[in-house]
Every structure is written in structure tokens, then in C-alpha cells.
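In UniProt numbering, the protein residues as written are 1 to 860. Every residue, glycine too, gets a C-beta built ideally from N, C-alpha and C. Quick caveat: nothing in here was measured; it's all calculated off a predicted structure. See below for the structure under consideration.
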């Protein structure tokens, strides 16, 4: 045995000394050295070293050409003449790595088959894995007999290798592998734990498309005691997946098996059962209690892996059922001082979700003691937990704000800094009392901020919130410093922020104009153009212009604006470009939606703005010839699909309503579920309500079996702008031709006319209201004149303000301006609701009035 033994020091440093030997390898040099394989006699030590280099290059992502890989592969096959065990095992590894690159790798099949069926036990498992890697579906039957024997082999390594290889072959040759069920069932009864686990996995893969067979598999093996804890863990995962697919919940008989595994003698099985229970969607705190008790015991385990697994799972439970984890608070507090800082971080973030308001100060001090000792990844977890804590205890925003401002000054990466800034911004938007303190901390942050995107974000926030503070002039200095000291992107954002101060505060307008004039000579054209643009608007001294072009900006689709400008350049006209021809932008993240507290996925930002759903529909409608000459104008809104038939009927039809300025287009998506019929000239005849008039139909020429088709109906809106709702009758009309179910070709050319009655379609008020995100709602509200005001009375039989918000949003198509948060229960046990940032009166008759006031609307 010539392998070099690594000493303890090398094991501790991760084998850095060994890796350094292969650090500067070149592919050409290694491939030239591979010619040594052709020499006779074979030098085992030298060949093993070269094989290791080849494997290292392949695992580092080095790409070998087909010719290079084939030459190296055939030279390597000469090494089968050596009986050295290390050489043989390295050859097996190289065969698996080159199987998809080199040509004619099938030539080593006989050598691998010989090793697979030979007497050398240490060759057989690796030979099976290598052979199955290069075997395709046609060659598999030639070795089927050997594979069946290997699955039930007495040697556990051989049996496991055959079972795992069979699992991989299921992807390419499932029909052949399904014939090995008897051998797999026999292997499940083996004494070796890994063989039992792999055999059960193969049985599941063979039967996974048959729900009844999977249920029988579970019933069979849950009644018997499997020796392998890994196999039991797999049974738990199969059972939990079956429960989720059936949407059965705790009432499922398989749930009893999972709960019984909480009393298993193996710690791995106990944790797997607890993990499965807490991840089921339909579990209640009552079903969670046994799993939480087990995880609580694991928190005091001497094994760090169990403590980490338990606290990580409890952290996840605390997101949905914080009350169920409250019983573990004492054990979690003991983990705050754990030597493993990852465990301590998860423990503290779990306590932040389950603790009381009185414990916030103490927890903040404990967090601050070890924040510098953990990685940025776990720091982000802590910051996101603090964000959820701010929403839970709004009166503690000052303590949390001070902590966030402290860690904002510490060293850290971009994701960590961005999480802190986002949390402070969240506090500023949700807690009016913490607005000025938060803005002050962010102003100090951008003085030394090295991240351009964060600086731009803070400047945008200063322009939005700064003018509405008690002393807006104190933020001007921080913004102007950015105009002097920062790069072009930040300077451009600073110009826009200064313009908002001038538009909102009349007393600051002269000073802001002077500062903007200094940017007219900036070296960057974007900064100069913005300064010129805003100076011209501010000189108008009209609030309507301020609101439309400075405080709120353009609410148009970027993709739609690009297309409209391109079309304007293709068709020269003396008339100026009309911005009203561009469709409105639909907001993606509405202010009333709960903000996610999960860790964001880190990835590259999209360089090109993706087209929205409305932009896609606008492009589709522009391509319909029957609608192109009607002068529809820009698309105002597209509704969600409305089903006009049941999903089991012979024709499936759903409708999407597209609203324009003077028209409404009904898009009918139709699917033919009859394999022996072809429909031609398909359209939906609409019977409109009073005031509406059908203008044009765009039929679908041909509707084949299983292939969706689309037909359109265009209707003009009533002259009265208040009469925009109604109920339309719909009838699907078409020409039927019988056809061959296999080919889809019609039997004759004539056919016959037929029709199919659909459900009625309601055009609602919400179809004419667009959700537009106004960054400065107060300015937009003041811009609305009394002539645009409509008043009506609605009755809702609702118990909570949250239900009222949902119903009004659904019925009127509006969006709430503020996020509604429940107050914590006071000492007098009296509960009330808060509509942040403006409080809502406690009387029920006033709640609805304030709620309607806090809704934004689009344009009819």
C-alpha cells in the first residue's frame, strides 16, 4: 500500500497541503503525462498520481474535448492489466467521469462485467457503479441477470451498489428496472441498514406513480419493524408526502405512524418525525405539541447536531405557530450562550418571535454581545427577525432602531447592510413616531456608504418622507453632500430628492432652486438633464404639476412606453407624443400586502425590465386583425380569468376581460375535450346588457382536441360613465366536423352548425378601476377635485376590519393605502385595531368610513 497517510494536522487544515500539489495543473501537461499508461510494465505509483490529477481537473470543471477524452480513456483501459486495488478503483472513477465525453466507452463493458462477477470483493461494488454509468437501455438487458444477483448478494457493499445504480437507471430504463421488484423486496429484509434503506428507496421509485401501490407499501412496512433508521426516515417522508397529496391532515392513518415514530429509539427517526409533523400544512397547535416537546428535549442534548436541528426547526415553527414554541423559551434562553454561534443565533431569533414585549430589551443586549462573532448569513437572519419584531411590538421601535443603527456602523457585506436598511425603512413606514429617528440614522449611514444602490434607496426615501417631517430643512445638507462627493448615479438620485423638497415645501423652494442650478454644469448628462427638468417644473409653481411630475412621477408601464415611443418614431407625425397612449403600470408589491421576512434569494438582478401580464395581453390584442381598426387605444386593465364552464364538461371556456377607454374586449380561451370532433369558426355570441353594444367578433378558425384556442368579442361601453356594469349572456357557436381520434383529420368537409350555452359573465365596477401605486398619496388626494367625487352606500355583514378590507378590495378593485396591524391586548383586556400610520376610531360606524378614505383608485 503506497498511499500516503495524512497526519492529524493536515486533517485539521482541510487537506490544504494536498490540494496545493494540484493547484497549478495544466490540462495539456496532464494529458501528455497520461501516455505513461501505455508503458510496460505499469508503474502503479506513477499511474495513480496521474489518474488523481485527471480526476482533480475534471472535478474542477475542466472541459476535455471529445478527442482528448477518448485518447485518455483508451490509454487508461490498459491499466486493467494491473491488479493493484488503488489503480483499479481510480480507473473506475475515471470511467464514470468520462462516460459522457469520450467515445466508444462501451468497450470496457466486458472488463467491468468480469470485475462485477469476479471473486475480488473490493472490485465488485465500484465495477457495478461504473458499468451502470456507461450502460444504456439497449445494453441493460445483457447484464440484467448479473444485476438481479448483485441486488440480493450477501455482501452488503455489492447489494447497495446494485440498488443505488438501479435507482439511477430508473430515469433511462424504468421498464427494465420494474422487473426487479422481487429482488428489491428481498433486499428490504436484509440485516444491513444501508441495504434496507436503498432497497426501500428503489421500491418507492418503481411504484411512485401508483398511489394505491404506495399506500400498500406504507401499510406493509409500517406494521413491521424495520431495522434501518434510514429506512424508517424514508417511510416518514413517503407518509408525509402522501398526506399532503391527499390533503388528509392529522385524520390520515399515516399520521398515526409518524406520531408513533416520535418514540423511536433512533434520534434520527425521532427528529425526522418531528420535522415532518411541523411541516404539514394542516397541523394545529394540538398536533404540534408532541413534536415540539421532542424538539425541546433535543435543545438540551450534548450533541451539537441535535441542538442545531432542534432550534432550526423550532425557528421555523415560530413563524406560523409562535404560541406553540413559547413553552421552549427557557431552553432556548440557555442556548444563547452556546459555544456554537450558529445555534445561539437561531435560538435568539426564535425568542424574538415568541418572546413578550418586556423581554425585548434584554434580548437586544444579548444579541449585541455576539453579533461580531457570527457570519453575515446569520446576521441577516437576526435582522429579519428584528423586522418581524417591529411589526409585533410597534412601541419598541426606539430600542430596535438604536440597535439597528449600531450594527449599521459595523463591518459587513452588501446583503447584510441591505437587510438593515430595509428593516429601518420598514419601521419608518409603519411607525410614524420612529420616522425622524430612522431618517437621521440613514442620513449618517449614507455619509460613508460604499454601496451605490443603498445610497440611491436612502435618497429616494429622504425625498419621499423628509418633506413631511417637522424640520425638513435639516435633511438638505445630507442630500447636497451627495451632490458634491458621490458618483453620477447617486448625484442623479440626490437631484430628484431635492426637487421633492422644493415641490412640497414652499419656503425651501428658493434654496432648492439655487442648489439645483449648481448641477446644471455637472459632468454627467443624466444629472444635468434631471436638474434642468426639475428646475423648469418648479418654476411653474403649480401644485397639480408638482404632484403629477415630481411627487408621484409617471405611472406608466416601462415596456409599454418603450413600444409606444418606438411606434411613434416609425410613423412620423407633427403631433407631439401623447403620454396617455401608454398603458398604466400595475404595482407588483402593494402597500397592504404583508412583507416577507424570509431571507431573500441572492442572485443577479435582471438587466432588462420584464414585461408585465398587462403588457403581454396588450401585445396579443394588437395582433388580432379584427380589433386593430377599432381605435381601442391603450389597454387600461386586464382581469383575472373567469370560468364559464365546469372543468369536466366537453368544452372548457374561461374569459378574461380587457378594459379600454371606450371599449371592453372579452377574451374567451376555449379547449375542446372531445377527441372525435374538430370545431371550426368558433366564437362566443354575447348578449350584452343595456347600453353595451357588440362591435366586432374575432372567431377562432379551428379548435382541435386538447389544443387551446382563443376567440374575442369587442363591445362598446355605454355613454353614461356611471353605467359600466352588467351581466352578459354567452353562447359558444361553432361548426362541428367528426374526425378520426388518432389522426385528427375530419371525416367530411361539410359538418353542421351547433352551439353550447355558457355561464353568464358579470362586468363589475372593479373591471374599470386600476390599482396605481402613488408614492405621495396626500399630494394625489389634494389634486382630485370635487367634480371627480362619487358617493354610494354599501352594506357589509363583517366582524373585523381586515375582512372589510378584503371585501372592498375585491368588490371595488381598490387597494388599501395603509397596512392594518392588530394592537397587543392591553391590561384591561380591551382590544382595538390600528390602521398605521393613521389610527382608526374604535367605533364600528367610523371604521368603515376611514377605511374607504384610505383607498386609492385608478381612472375610469
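Residue 360 and residue 706 have their C-alpha atoms some 59 Å from each other. By the criterion of at least three beta-carbon pairs nearer than 8 Å, the region 687 to 700 is not in contact with the region 741 to 748. Per DSSP, residue 796 is not a residue of any alpha helix (DSSP H), being assigned neither H nor E. Contact check between the region 240 to 249 and the region 281 to 300: three or more CB pairs, one atom from each, fall below 8 Å, which counts as touching. With a cutoff of 8 Å on beta-carbon distance, residue 765 and residue 732 are scored as not near each other. Residue state for residue 684 is assigned as strand, using DSSP reduced to three classes.
Inclusion of residue 346 and residue 311 in the CB contact set at 8 Å is warranted, their separation being smaller than that value. Burial of residue 583 is indicated by the presence of at least 16 other C-beta atoms within 10 angstroms of its C-beta. Short of 8 Å from the beta carbon of residue 203, and not among the five residues preceding or following it, lie these beta carbons of its own chain, in chain order: 181, 184, 185, 188 and 217. Annotated as proximal: residue 658 and residue 638, with beta-carbon spacing under 8 Å. Residue environment: residue 719 is assigned as exposed (fewer than 16 neighbouring CB atoms within 10 Å of its CB, all protein chains considered).
Judged by their CB atoms, residue 98 and residue 69 are nearer to each other than the 8 Å cut-off.
Counting along the chain, no beta strand (DSSP E) covers residue 198; the unbroken alpha helix (DSSP H) around it starts and ends at 193 to 207.
For residue 663, the uninterrupted beta strand (DSSP E) segment begins and ends at 663 to 672. In the DSSP assignment, residue 463 falls within the alpha helix (DSSP H) that extends over 452 to 465. Burial is judged here by how many other beta carbons sit within 10 angstroms of a residue's own beta carbon; residue 53 has at least 16 and is buried. Taking the C-beta atoms as reference points, residue 446 is found nearer than 8 Å to residue 478. Pairwise C-beta distances place the region 124 to 134 in contact with the region 99 to 111, as three or more of them are shorter than 8 Å.
By the beta-carbon neighbour count (other beta carbons within 10 angstroms, threshold 16), residue 454 is buried. Of the other Cβ atoms in all chains shown, 16 or more fall within 10 Å of the Cβ of residue 483; this residue is therefore buried. By the criterion of a C-beta distance shorter than 6 Å, residue 499 is surrounded in its chain by 534 and 550, once the five residues flanking it on both sides are discounted. A direct Cα-to-Cα measurement between residue 812 and residue 531 gives close to 40 Å. Beyond the five residues adjoining it in sequence on each side, residue 335 comes within less than 7 Å, by CB distance, of 299, 307, 311, 343, 344 and 347 in the same chain, given in chain order. At the C-beta level, residue 349 and residue 329 stay beyond 8 Å of one another.
In this structure, residue 196 lies away from residue 220, with their beta-carbon atoms at least 8 Å apart. In this structure, residue 364 lies away from residue 325, with their beta-carbon atoms at least 8 Å apart.
When DSSP states are grouped into helix, strand and coil, residue 511 belongs to the helix group.
Apart from sequence neighbours up to five positions away, the residues of its chain that approach residue 726 with a beta-carbon distance below 8 Å are 688, 689, 690, 691, 692, 762 and 763, ordered along the chain. According to DSSP, residue 709 shares a beta bridge with 670. Collapsing the DSSP output to three states places residue 617 in a helix. Between residue 34 and residue 72, the CB-CB gap stays under 8 Å. Taking the C-beta atoms as reference points, residue 274 is found no nearer than 8 Å to residue 297. In the displayed model, residue 413 falls within coil according to three-state DSSP, outside both helix and strand.
Looking at 38, 372, 339 and 385, the one whose alpha-carbon comes closest to that of residue 419 is 385.
Straight across, the Cα-Cα distance linking residue 808 with residue 784 is about 21 Å.
Around the CB of residue 235, 16 or more other CB atoms lie within 10 Å, so the residue is classed as buried.
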